[in-house]
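Read top to bottom, the protein sequences are chains A, B and C.
Quick note: the first sequence, position 85, residue 67 per my numbering, numbers continuous.
Residues are numbered in my numbering as their position in the second sequence, beginning at 1, plus a constant of 10.
Residues are numbered in my numbering as their position in the third sequence, beginning at 1, plus a constant of 261.
Virtual Cβ for every residue (Gly too), placed ideally from N, Cα, C.
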Amino acid sequence: MFEQYIEIFLGFLKAFAVGGLICMIAQIVINFTDLTAGKILVMFMLLGVAFQGLGLYQYLVDFAGAGATVPISGFGYLLANGAIKGAEMGWFGAFTGALSAASAGISAAVIFSYIMALIFKSRTKKN
Amino acid sequence: MQTVFFKNKPRIIATGTIAGPKECAGVVGKYVDKTLTDDRFGESTYEKAECKMLTYAISRAIENANEKEENVDLLISGDLLNQIISASFAARDFDFPFLGVYSACSTLSESFALAAMLINAGYYQKIVAATGSHFSSAERQYRYPLELGNTRPPQSQWTVTGAGGALIAKEGSRVAITSATLGKVVDFGITDVNNMGAAMAPAAADTILNHLRDTGRSADYYDLIITGDLGALGSRIVKDLVWEKGVDIQKNHVDCGEIIYNVVEDEFQGGSGAGCSAVVFNSYIYDKLRKKEINRVLLAATGALLSTVSSGQGESIPCISHAVSIENV
Amino acid sequence: MTGKNRQNYNKNYIAYVNSFDPPTQHFKNCFRAFLVGGLICCIGQFIRYMLEGVAGLSGDELAGATSIVLIFLGTLLTGLGVYDRIGRNAGAGSIVPITGFANSVASPAIEFKTEGMVYGMAAKMFIVAGPIIVFGVLAGTAVGLIYLLL
């Protein structure tokens, strides 16, 4: 029982450390290069694709759980993973695999954004 | 010779201003005609609010002059939005001709210069020159959606929510426009769209120096040399640039962008936008001129003539500054 | 000023302007990014545990459901006008997690609905996040095709 709690605590700790570290690396890149938010997102997503393409990101996911899947590089991991799994089924799978794996995220983003756009209005900021 | 002199000395007989809550917390709060508590001004979009503010400033300027709308001959106005929609749409509500101008944030001094020329020449009797801007509509057009969670770089400025207009006529007050220096487009190769102050400072310096050279005046002649929206950083640069040419404006230079906000945190450089000089000059500075607390002012508002397309294509930012000298006579 | 002379002047001026740049507060920025990014990932981990324990999900389904919940939270905070406040202080800490992706989709959707539901809200929904999907699909499919050929 006690060991189970320790395991959960370690899970949080690992997620915090790895997720925080990825964000910190992104911040260091921003500090030194003036890249805008959109470019940072693309860059980290592509890094996720590349690492999973080499089969490395899976280790990080197994180790840190949400710490590796929640940052945008996890989205890249998902795309690459889907494509690789699809490729095992043949050329059609290789073609559709990436987007089908990411479909949950994209659908959620579209649907919830649509709902929020119906409900809310943008507001001016104080500073 | 870039400067024209107005023998007949067209007068600024009244002004009308309106500003948002953030602006009114600062120095202009006591002087504006209307303070907005809701920066949407009861409209459904920010663009409509900007247009309504401009309409308000125009009619308030006419009202403050105890004039009637039918006596006004012309409206000279412009704003920051694409195809200057705020100005054109505001002009829709008035029954006099409209001359749309665009000179980014220096629209106010350009309008003043044009109005003074037309009145000095005797073509028109009464002209309203007005401009305005809105933080949210500018942010939407030039930058990102309001709710996007990005960080503001330390050089960035805050577009002023506000509008100001002035009624310029042949006679009716002591505050006169005595000369105008139309500026050249100056580009020193700044490409960082967040660093407008540094991009615009050379244009301001160029126009101020040319004005002083053409008029043969020294910088001390003016009680105030006002730039539009250079911000804290741009103000330092413009002082340095004119100092290099042997002119000292340390004592009497004031930047509307720098003074408009109570800067609580040193996170940004101050105000910007067409509304910045429009609000500050037409309320605060005009009031001081009326009360004779200051007598000679050089208003050199600066504008960055860029668009999102040009900066997307990697172009640097060409800038302009028009100056008008305004004196108690 | 034209030609070479002007270019030299430009270089001098730009160097002069850059000398005014306030020093970037590396430590503060990075610490905040680390803290906020880590916290968002912890929330993700919490959702994972909950979905695993309560709903009994596992594998891809679990990962997908976690993303959906986080994206919902991201869009909701965007709608409430809170997310950009976090972003102003946290920098990359709130941009890089999937909630930042949700924010970059929801914010233009909310912003541009004034230009109509079709050409405003729907057409501009991906003005910030579009590149992620474009390059994601390109890179993902490239990886798939490479694996197919190997």
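What is the DSSP secondary structure of E372 (chain C), counted as helix, strand or coil?
What you label residue 372 (chain C) is simply residue 111 of the third sequence in a count that begins at 1. E372 (chain C): helix per DSSP, three-state reduction.
For Q279 (chain B), count neighbouring Cβ atoms within 10 angstroms of its own Cβ and tell me buried if that reaches 16, exposed if not.
As a working note, residue 279 (chain B) is residue 269 in the second sequence. It is buried - the Cβ of Q279 (chain B) has at least 16 other Cβ atoms within 10 Å.
Ordered along the chain, which non-local residues of its own chain (more than five positions away) have a Cβ less than 7 Å from that of A390 (chain C)?
Walking along the third sequence from the start, residue 390 (chain C) turns up at place 129. So the list reads F362, S365, V366, once near-sequence residues are dropped.
Do you know how far the Cα of G49 (chain A) is from the Cα of C302 (chain C)?
The sequence position of residue 302 (chain C) within the third sequence is 41, counting from 1. The sequence position of residue 49 (chain A) within the first sequence is 67, counting from 1. Cα to Cα, C302 (chain C) sits roughly 5 Å from G49 (chain A).
Can you find a C-beta in chain C that's less than 8 Å from the C-beta of R105 (chain A)?
Taking the first residue of the first sequence as 1, we reach residue 105 (chain A) at position 123. Chain C, which has a Cβ nearer than 8 Å to the Cβ of R105 (chain A), makes this yes.
At the level of alpha carbons, what is the spacing between A288 (chain B) and A215 (chain B)?
Residue numbering aside, residue 288 (chain B) sits at position 278 when the second sequence is read from its first letter. Residue numbering aside, residue 215 (chain B) sits at position 205 when the second sequence is read from its first letter. Approximately 20 Å, taken between the alpha carbons.
Can you grab the Cα-Cα spacing for the pair F281 (chain C) / Y271 (chain B), in whole Å?
By one-based count along the third sequence, residue 281 (chain C) stands at place 20. By one-based count along the second sequence, residue 271 (chain B) stands at place 261. Spanning the two alpha carbons is a distance of roughly 21 Å.
Give, in chain order, every residue of the segment 271 to 300 of chain B whose Cβ lies closer than 8 Å to some Cβ of chain C.
Going along the segment 271 to 300 of chain B in chain order, one finds no residue with a Cβ nearer than 8 Å to chain C.
Take the Cβ of W168 (chain B) as the centre, count every other Cβ of all protein chains shown within 10 Å, and call the residue buried at 16 or more, exposed below.
Mapped onto the second sequence, residue 168 (chain B) falls at position 158. With 16 or more other Cβ atoms within 10 Å, it is buried.
Which chain A residues are close to L312 (chain C), counting only those with a beta carbon under 8 Å from its beta carbon?
Counted from its first residue, the third sequence places residue 312 (chain C) at position 51. Chain A residues near L312 (chain C): none, gap ~11 Å exceeds 8 Å.
Give the DSSP bridge partners of P53 (chain A), in chain order.
Taking the first residue of the first sequence as position 1, residue 53 (chain A) is located at position 71. In the DSSP output, where bridge partners are listed per residue, P53 (chain A) has C:P358.
V92 (chain A) to S104 (chain A), Cα distance in whole Å?
For this step, residue 92 (chain A) is matched to residue 110 along the first sequence. For this step, residue 104 (chain A) is matched to residue 122 along the first sequence. Their Cα atoms are separated by approximately 18 Å.
May I have the straight-line CA-CA distance separating G264 (chain C) from P212 (chain B), to the nearest angstrom?
Position 3 of the third sequence, counted from the first residue, corresponds to residue 264 (chain C). Position 202 of the second sequence, counted from the first residue, corresponds to residue 212 (chain B). Low confidence applies to G264 (chain C): its pLDDT is 49, below 50, so where it sits in the model is not reliable, and the reading given next is rough at best. If you take the alpha carbons of G264 (chain C) and P212 (chain B), they lie about 18 Å apart.
Taking DSSP's pairing of strands, which residues face K44 (chain B) in a bridge?
Reading the second sequence from its first residue, position 34 is the one you call residue 44 (chain B). Note: K44 (chain B) sits in a beta bridge opposite B:I28.
Tell me whether the segment 159 to 178 of chain B and the segment 25 to 34 of chain B touch, counting them as touching only if at least three CB pairs, one residue from each stretch, are closer than 8 Å.
Touching, yes, given that three or more Cβ pairs across the two stretches are closer than 8 Å.
Between G56 (chain A) and the rest of its own chain, which residues show a CB-CB distance below 7 Å, the 5 nearest in sequence each way excluded?
Counting from 1 along the first sequence, the entry for residue 56 (chain A) is found at position 74. The answer, listed in chain order, is G30, A50.
For the segment 98 to 118 of chain B against the segment 60 to 67 of chain B, are there 3 or more C-beta pairs whose distance is under 8 Å?
With the cut-off at 8 Å, the segment 98 to 118 of chain B and the segment 60 to 67 of chain B touch.
What would DSSP say about F15 (chain B), mapped onto helix, strand or coil?
Here residue 15 (chain B) is taken as the residue at index 5 of the second sequence, counted from 1. Strand at F15 (chain B).
Using CA coordinates, which residue listed in C:L341, C:A351, C:G352, C:L323 is at the minimum distance from G87 (chain A)?
To locate residue 87 (chain A), count along the first sequence from 1; it is residue 105. When only C-alpha atoms are compared, the closest one is C:L323.
Can you tell which of B:R246, B:P107, B:S335 has its C-alpha closest to the C-alpha of R306 (chain B)?
Residue 306 (chain B) sits at position 296 when you count from the first residue of the second sequence. That would be B:S335, whose Cα lies nearest to the Cα of R306 (chain B).
With three or more C-beta pairs closer than 8 Å as the rule, is the segment 286 to 298 of chain C touching the segment 344 to 357 of chain C?
A contact exists between the segment 344 to 357 of chain C and the segment 286 to 298 of chain C.
Comparing the C-beta of T47 (chain B) with each C-beta of chain C, is any distance below 8 Å?
Position 37 of the second sequence, counted from the first residue, corresponds to residue 47 (chain B). It does not; no Cβ of chain C falls within 8 Å.
Secondary structure at I407 (chain C), three-state DSSP: helix, strand or coil?
Within the third sequence, numbered from 1, the residue matching residue 407 (chain C) stands at position 146. If DSSP states are grouped into helix, strand and coil, I407 (chain C) belongs with the helices.
Along the segment 167 to 197 of chain B, what residues have a CB closer than 8 Å to any CB found in chain C?
Residues: none.
Run through DSSP, which three-state label would M262 (chain C) get?
Stepping through the third sequence from its first residue, residue 262 (chain C) is reached at position 1. Confidence is the limiting factor: at M262 (chain C) the pLDDT is only 44, short of 50, which leaves the residue's position unreliable, though a coordinate-based value still follows. Looking at M262 (chain C) - three-state DSSP - the assignment turns out to be coil, as it is neither helix nor strand.
On the CB-based measure, 16 or more other CB atoms within 10 Å of its CB, does S319 (chain C) come out buried or exposed?
One-based indexing of the third sequence puts residue 319 (chain C) at position 58. Burial call: exposed.
Taking the straight line between their C-alpha atoms, what separation do you get for I(-12) (chain A) and A46 (chain A)?
Indexing the first sequence from 1 puts residue -12 (chain A) at position 6. Indexing the first sequence from 1 puts residue 46 (chain A) at position 64. Answer to the nearest angstrom: the Cα atoms are 15 Å apart.
If you measure from the beta carbon of A19 (chain A) to each beta carbon in chain B, is any gap under 8 Å?
Residue numbering aside, residue 19 (chain A) sits at position 37 when the first sequence is read from its first letter. Cβ-Cβ to chain B under 8 Å: yes for A19 (chain A).
With a threshold of 6 Å on Cβ separation, who are the neighbours of G39 (chain B) within its own chain once the five nearest residues in sequence on each side are excluded?
Taking the second sequence and counting its residues from 1, one reaches residue 39 (chain B) at position 29. Counting only Cβ-Cβ distances below 6 Å, and skipping sequence neighbours, we find nothing.
To which residues of the same chain is I308 (chain C) closer than 6 Å at the C-beta, ignoring the five residues directly before and after it?
Position 47 of the third sequence, counted from the start, is the residue given in the question as residue 308 (chain C). The answer, listed in chain order, is T327, V330.
Rounded to the nearest angstrom, what separates L23 (chain A) and F102 (chain A) at their Cα positions?
Position 41 of the first sequence, counted from the start, is the residue given in the question as residue 23 (chain A). Position 120 of the first sequence, counted from the start, is the residue given in the question as residue 102 (chain A). For L23 (chain A) and F102 (chain A), the distance between alpha carbons rounds to 25 Å.
Spatial neighbours of G199 (chain B) within its chain, please: C-beta separation below 6 Å, excluding the five flanking residues on both sides.
The count along the second sequence starts at 1 and reaches residue 199 (chain B) at position 189. Contacts found: S326.
Do you know how far the Cα of V319 (chain B) is from the Cα of E303 (chain B)?
Here residue 303 (chain B) is taken as the residue at index 293 of the second sequence, counted from 1. Here residue 319 (chain B) is taken as the residue at index 309 of the second sequence, counted from 1. Cα to Cα, E303 (chain B) sits roughly 44 Å from V319 (chain B).
Is K103 (chain A) helix, strand or coil when you go by DSSP?
Looking up residue 103 (chain A) in the first sequence gives position 121. Residue state, collapsed to three classes: coil.
Could you give the first and the last residue of the continuous alpha helix (DSSP H) run that contains G335 (chain C)?
Taking the third sequence and counting its residues from 1, the one referred to as residue 335 (chain C) is at position 74. Start and end: 320 to 340.
At 4 residues or longer, what runs of the alpha helix (DSSP H) sit wholly inside the segment 58 to 123 of chain B?
Within the segment 58 to 123 of chain B, the complete alpha helix (DSSP H) runs of at least 4 residues are 95 to 101.
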